[in-house]
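>
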Amino acid sequence: MNACPSLRLEGGLFSPDLLEALARADLPGQKPQDFGLPPRRALTEEIAAVYHDARALWQVFQHRLERLHEGDLATSETRDSWVIPFLRLLGYDLHFQPRALDLDGLTFAISHLLSSPLPSAFPVHIVGYRQELGRLAPSGRPRLSPHALVQEYLNRSEALWGLVTNGRTLRLLRNSTFVRRQAYVEFDLEGLFEEERFADFVLLYRLLHRTRLPGDGRPEDCLLEQYYQQALEQGGRVREHLREGVERCLTRLANGFLCHPDSTGLRNALREREAASSSPALALYRQLLHLVYRFLFLLVSEERGLMGQNPLYLESYGITRLRRLTENRAACTEDVDLWLGLRALWATLADEQLAAFLGIPPLNGELFTHQALDEACITNRDLLTAFSCLAFYDSPPRRVNYAALDTEELGSVYESLLDYHPAVTFDAAGRAHFELAPGSERKSTGSYYTPPQLVNELVRSALEPVIEERLAQVREAIKDEKESALLSIKVCDPACGSGHFLLAAARRLGKELARVRTGEDEPAPEQVRAAVRDVVAHCIYGVDKNPLAVELARVALWLESHAEGKPLTFLEHRLKCGDSLVGVFDLSVLEAGLPDEAFAPLAGDDKKLAASLKRQNQAEREGQLTLFDRHFDFDLSAAVHLGEELDAIPDDSPEQVRRKRARYEARQSAPDWRRQKEACDLWTAAFFQEFRPRGGGGEGFVTTETVRNRLAGRPVQPQVLAQAIALADEGHFFHWPLEFPEVFAKGGFDVILCNPPYDVVRENRFLRSSPMRGTGNLFAHFISRTIDILAEQGAMGYVVPLSLACGETFEPARRKLYQNFGLLRASHYSIRPAKLFPGVEQRITLIRALHRGQQPCRVYSTRLHRWHQGEEHKVIANAEFGLVGTITEGIIPKVAGYIGASIYDKIRSQPHQLREWLANEWEDSEDVYYHSVARYWIKAYNFIPFFQRQGEEPGISTTLKTVRLRNRTATLRFLCLLNSSLFYYWWLAHSDEFHVLESEVFSFGVPDENAPWPPDDQLETLVNNLMESYKSNAVRRSLRVRGGGVVLYDEFRPRRSLREIYAIDDAIAPLYSLTPEELEFLKTYDLEFRTDEE
-3 MNACPSLRLE GGLFSPDLLE ALARADLPGQ KPQDFGLPPR RALTEEIAAV YHDARALWQV
57 FQHRLERLHE GDLATSETRD SWVIPFLRLL GYDLHFQPRA LDLDGLTFAI SHLLSSPLPS
117 AFPVHIVGYR QELGRLAPSG RPRLSPHALV QEYLNRSEAL WGLVTNGRTL RLLRNSTFVR
177 RQAYVEFDLE GLFEEERFAD FVLLYRLLHR TRLPGDGRPE DCLLEQYYQQ ALEQGGRVRE
237 HLREGVERCL TRLANGFLCH PDSTGLRNAL REREAASSSP ALALYRQLLH LVYRFLFLLV
297 SEERGLMGQN PLYLESYGIT RLRRLTENRA ACTEDVDLWL GLRALWATLA DEQLAAFLGI
357 PPLNGELFTH QALDEACITN RDLLTAFSCL AFYDSPPRRV NYAALDTEEL GSVYESLLDY
417 HPAVTFDAAG RAHFELAPGS ERKSTGSYYT PPQLVNELVR SALEPVIEER LAQVREAIKD
477 EKESALLSIK VCDPACGSGH FLLAAARRLG KELARVRTGE DEPAPEQVRA AVRDVVAHCI
537 YGVDKNPLAV ELARVALWLE SHAEGKPLTF LEHRLKCGDS LVGVFDLSVL EAGLPDEAFA
597 PLAGDDKKLA ASLKRQNQAE REGQLTLFDR HFDFDLSAAV HLGEELDAIP DDSPEQVRRK
657 RARYEARQSA PDWRRQKEAC DLWTAAFFQE FRPRGGGGEG FVTTETVRNR LAGRPVQPQV
717 LAQAIALADE GHFFHWPLEF PEVFAKGGFD VILCNPPYDV VRENRFLRSS PMRGTGNLFA
777 HFISRTIDIL AEQGAMGYVV PLSLACGETF EPARRKLYQN FGLLRASHYS IRPAKLFPGV
837 EQRITLIRAL HRGQQPCRVY STRLHRWHQG EEHKVIANAE FGLVGTITEG IIPKVAGYIG
897 ASIYDKIRSQ PHQLREWLAN EWEDSEDVYY HSVARYWIKA YNFIPFFQRQ GEEPGISTTL
957 KTVRLRNRTA TLRFLCLLNS SLFYYWWLAH SDEFHVLESE VFSFGVPDEN APWPPDDQLE
1017 TLVNNLMESY KSNAVRRSLR VRGGGVVLYD EFRPRRSLRE IYAIDDAIAP LYSLTPEELE
1077 FLKTYDLEFR TDEE
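All the letters of the sequence shown, read from the start, carry residue numbers -3 to 1090 under the numbering used here.
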């Protein structure tokens, strides 16, 4: 807020728009009586009087400071002579805390509370005038800086808001466990009183008066929280607008360009592409997105003050001037001067001499390189109409606050665009029209948006342990060693999308680097931003198959790390477009030769030709190698050296960025690198060949000899090489050791964070050659590839479907995890009543695998979490893990903390299983029944529930399973166990939360005959009571099924049979040596959700 120089907003607690409304008294709670004043008392007069008294206190305090020696922090003087009297003028009654507050076993030396020590009491921490809020006290006590102390107290206590001040600066903080960066409102008290900024004080008074703060009631009811929630709601509308606004902006820009008379070249190019069947709309769409990315980058940078304050630039060239012009109808003309001005701006930003003339940083990045669309034309009217879609939201229009925009919001833009595909049509008169039509780009590229709470949790649990280990390996007192240790950490996302994980990792590493450099626990945002810039340049890697995602990820990282006066960092060598799964990750496969799977015929292939090529390839693979061929040149030392050289070149000037680009391009065009790249392309392309006769028998196809010839530098058939390169370009083949040689020279990545695509796929030849063949889902292949490219002692954090933990087909993925890590932690999340991915029916498991290369694998797991909407943060942050044990194969059971783990172990350790009670074919038997689908209850019966299809006799539901048991005792025990809370817990630990599989039923552990089984007559009473309760509480339902038919059935309601179920629980508890605590745990497990009438 330029109009309020004493105010600083960090992290988006409040938007400038909201605080401007507050300053105008346009928000609730701004009448005199709302401040405890008489209704007729003029509020401005009251504020003026308070300001006068506060200035007097300030001046007296300054005189007292002058008499103190320089080493005195002035803590007592700051509190007693200044802050406490000042806050008393604002209505505060502070209570000194002689002892540190205790929370979760940690102590918090908060100096004052606003009221008596309640769990939700508002903290006010006052330190000395000469102590920095972000730096530890010279004594080292307390354990955190003042800012960090209050922030952690808020995050752990029931208090929502708090103040921290040293008398010069006053900060308002809020509980922000999941906020991605520092978030606070700061008032510069020194500037406010020394420079007599009364207007700034008016805002301080309206925001921080005692009547704004929590009273003795609920903190969430106070005015401050109401303002915050209003800001969140406003932010939500902005996010929704941004998605819609980008879509509208793209369409209007496209049609504006296409219809302009001077865009003949653009239209001709589209017709030529259409004639060549080369997706003309997609080429235009990518250029339009590139243009919108330019707009967004400059809107954020200019509003954050990162483009300098030169009036010539701001008034005549800056992008935000377009916002002013959109409100001026006279500017909406048929002229093209605004577009010509933007073209001049792009050229200026790419040229340091022109940029210096305007006093702006020469960004000089690929974002502003020339593209064909720059040569087209668009009228002022169309340009401003399109731009207004980005600049404003709501009706009446309200300005989008780009200064406070979270960089992750760009991800929501990307997510929404995945729902469309571009189309260009020509009418009879030759006029072109562009539209975004609903499409399947999300599915075809496997691109998804990851909720921030999942990102933050995996950064915390996978990246932070690596940071701690790396810092522990260097000398504590040597700052340079600690900096080098942090900058040596390599983090990758192999399906990076718009860069959520990369942004979060860059922030976390940047925060730690800034702490090391400054010695402060809470470094200033400028220091953090500079550190993040270095982290982005040295530590961050990403790959995605979708080129639009890669470009947006680069823009996001540029926004997060852009420093005033600096060019854009060079990222082309770190964020790359490629298919992480398809390509070579181990160069030795080139020497080993192509496997037989590469020649398996597919539909449409000539099977005889495929078989012939397979035999030819086998002979070549197993044949005698020449002496020269036995030593293929896999030497990547030159590429590694160039990679290290690139890492050493700073990004502080355009000349350095150009030098980086030149060195990178030199590496990519080096003869040895090209030879190895083409050999890898040939090897990979072999899996995608179509086996149809081309003349010349086996000529024209890739075989082992083709790959070895290219690798050895011998010639190969030009058409074969050309075809392989074309397939590589089309399929985005990605060869990890060639693309990131400096990483693999040191063993691989240190941390991999990813939310891979969950697409069910028909596996092609290439995926069929993978260890994950047969899983049928891309996420299993991503897990396998991640393990391959991870360094020893590395860590991975993954968001995957729950089926990884319990699905039978994903056993290869689980086994590879168990074989490669020493520690595996898994937390699990349901979809009812709330879900982590809005609008997506996807149960989720978060995987954290640490200590790559260690054995054996100790596995910790959580329950399957259920929660209500809005509680996502709590269930993710407070997940309780239980030790399952050392695992080498099998599922990851969903146990619930140490109690759940103990119960699970008691079931698993029983000497027998339910399957042993099944009757043999020749034995007399008794039939019982259970439903093979479930959600909150497992129901087993000694009768057949009513089920009738329309027009038919009553029958048996297809979901009802029949079990034949060998005798009456087995029948009674089976019915008691399956209806018990104990079996429900076992089933939920194993299942997908829907199917009740025979393997889950019959593997349930049971004691032997010598155990204290209740007598049969007691069991019979328990069973009969439950069956009668089921029947008496049943409701006859009708259901319309496919084809228009109707089914009648009885719906049972076990939640109304709790007394009978609990009686069974009590009877079987001694059999499993359940403690009273464990029995109560089982009876109440998920009870809130299981008994919900909805």
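Every residue gets a Cβ at the ideal spot worked out from N, C-alpha and C, and that includes glycine.
Could you pull the DSSP bridge partners for TYR1045 from this structure?
Beta-bridge partners assigned by DSSP to TYR1045: PHE943 and ARG1033.
> Since TYR1026 is in the alpha helix (DSSP H), which residue starts that stretch and which ends it?
1012 to 1028
> Measure the Cβ-Cβ separation of THR771 and PHE806 and say whether it is below 8 Å.
yes
> Run through the DSSP bridge pairs and tell me what LEU200 is partnered with.
Answer is none; LEU200 lacks a bridge partner.
> Could you tell me the alpha carbon to alpha carbon distance between TYR926 and PHE998, rounded to whole angstroms?
12 Å
> In whole angstroms, what is the alpha-carbon distance linking PRO1011 and CYS972?
12 Å
> Excluding five sequence neighbours on each side, which residues of the same chain lie with their C-beta closer than 7 Å to the C-beta of VAL756?
GLY772 and ASN773
> Please report how far the alpha carbon of PHE624 lies from the alpha carbon of ALA606, in whole angstroms.
Bear in mind that a pLDDT of 47 at PHE624, under 50, signals an unreliable position, so the model cannot answer this.
> In terms of alpha-carbon separation, which member of GLN93, GLN58 and ASN171 lies closest to ARG164?
Among GLN93, GLN58 and ASN171, the Cα nearest to that of ARG164 belongs to GLN58.
> So, under 8 Å CB-CB, SER357 and GLU560 are touching, yes? Tell me the CB distance rounded to an integer number of Å.
Note on residue identity: the sequence assigns Pro, not Ser, to residue 357. Yes, they are in contact, since the Cβ atoms of PRO357 and GLU560 sit about 7 Å apart, within 8 Å.
> Note down the Cα distance separating GLU759 from LEU359, rounded to an integer number of angstroms.
43 Å
> How would you write the range of the alpha helix (DSSP H) that TRP637 sits in, first residue to last?
For the sequence presented, residue 637 should be read as His rather than Trp. First-last of the alpha helix (DSSP H) with HIS637: 633 to 644.
> Anyone know if the C-beta pair for LEU18 and PRO12 falls short of 8 Å?
no
> Which ranges does the alpha helix (DSSP H) cover as unbroken runs of at least 4 residues, wholly within the stretch 30 to 109, from first to last along the chain?
39 to 62 and 80 to 85
> Given PRO461, which residues of its chain have a CB within under 7 Å of its CB, disregarding the five upstream and five downstream residues?
ALA791 and LEU846
> Would you identify the three-state DSSP class for GLY574, choosing helix, strand or coil?
coil
> Using a 10 Å radius around the Cβ and a threshold of 16 neighbouring Cβ atoms, would you call ILE1057 buried or exposed?
buried
> Straight-line CA distance for HIS143 to LEU86?
For HIS143 and LEU86, the distance between alpha carbons rounds to 22 Å.
> Taking just the CA atoms, how far does HIS286 sit from TRP54?
52 Å
> So, with DSSP's three-state summary, where would you put LYS957?
strand
> For a test of the three-state rule: what should DSSP assign to PHE118, helix, strand or coil?
Here PHE118 carries a coil assignment [DSSP, helix/strand/coil].
> Relative to the ligand GTP, is the shortest distance from any of its heavy atoms to the C-beta of ALA458 smaller than 7 Å?
By its list of ligands, the structure shown contains no ligand whatsoever, and the ligand GTP lies outside what it can speak to.
> Going along the chain, which residues of its own chain have a beta-carbon closer than 7 Å to the beta-carbon of ALA915, five neighbours each way excluded?
SER921, ARG960, LEU961 and ARG962
> Should THR441 go down as buried or exposed, given a rule of 16 or more other Cβ atoms within 10 Å for buried?
With a pLDDT of 42 at THR441, under the threshold of 50, the modelled position of that residue is not reliable, and no figure is offered here.
> From LEU238 to GLU1047, what does the alpha carbon distance come to, in whole angstroms?
46 Å
> Checking the sheet assignment: what are the DSSP bridge partners for MET792?
ILE748 and ALA845
> To which residues of the same chain is LEU129 closer than 8 Å at the C-beta, ignoring the five residues directly before and after it?
VAL123, SER141, PRO142, HIS143, VAL160, THR161, ASN162, THR165, ARG167 and GLU518
> To the nearest angstrom, how far is the alpha carbon of ALA596 from that of ALA682?
11 Å
> Going straight from the alpha carbon of TRP157 to that of GLY241, what length do you get?
34 Å
> Are the beta-carbon atoms belonging to ALA105 and PRO138 less than 8 Å from one another?
yes
> Is it the case that the Cβ atoms of ARG570 and TYR537 are separated by a distance below 8 Å?
yes
> Quick one: what does DSSP say ALA1077 is sitting in, helix, strand or coil?
The question names Ala, yet the displayed sequence has Phe at residue 1077. For PHE1077, the three-state secondary structure derived from DSSP is helix.
> Do LEU910 and PHE970 come within 8 Å of each other at the CB atom, strictly closer than that value?
Going by beta carbons, PHE970 and LEU910 fall inside the 8 Å limit.
> Considering only the alpha carbon of each residue, which of ALA428, TYR825, GLY579 and PRO210 lies closest to HIS864?
Comparing Cα-Cα distances from HIS864 to each of ALA428, TYR825, GLY579 and PRO210, the minimum goes to TYR825.
> Should ASP540 and VAL531 be called a contact, given that it needs their Cβ atoms to be closer than 8 Å?
no
> In the structure shown, what three-state DSSP assignment does GLY561 receive?
DSSP, read as helix, strand or coil, puts GLY561 in coil.
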